[in-house]
Amino acid sequence: MKTQGTPAGQWLTIASSPYFLVEKGVVAGPWALSTTPESFVILVVAEGEGSLKWNDGEIALRAGECFLLPATLGSYELNGNMTVLRSTLP
1 MKTQGTPAGQ
11 WLTIASSPYF
21 LVEKGVVAGP
31 WALSTTPESF
41 VILVVAEGEG
51 SLKWNDGEIA
61 LRAGECFLLP
71 ATLGSYELNG
81 NMTVLRSTLP
């Protein structure tokens, strides 16, 4: 599957099973997202750098880093210029 040319601000499914879903997203500026009560989110920064902001915090992101966002987190924002992989329960 070719994933080049994925538009910024959209998720492209790259793997799925009854147990997990893996998506690729391109961040090019602010992107408002949220977790759901049904699943945690694992974010892997594949390339680039930026930031992850949530209600009462913010952290810098760079290629190679991995983050586990709890299902209870709710709203968060990715910002910067980076490619991320997002894993969730289906």
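The sequence shown begins at 1 in the UniProt record's numbering and counts up by one.
Even for Gly, the Cβ is constructed at its ideal location relative to N, Cα and C.
Exercise for review: Taking A89 as the reference, give the member of S17, G5, E47, W11 with the closest Cα.
Suggested key: One detail in the question is off: residue 89 reads as Leu in this sequence, not Ala. Nearest C-alpha to L89: S17.
**Study point:** Local conformation of T35 per DSSP, three classes
**Key:** coil
**Study point:** Residue interval of the beta strand (DSSP E) (run including L68)
**Key:** 66-69
**Study point:** Residues of its chain near S39, where Cβ-Cβ distance is below 7 angstroms and the 5 sequence neighbours each way are ignored
**Key:** A71, T88, L89
Practice item. Would you tell me roughly how many angstroms separate the C-alpha atoms of residue 174 and T35, rounded to the nearest one? Key: Since the displayed the chain opens at 1 and closes at 90, residue 174 lies outside it and no answer follows.
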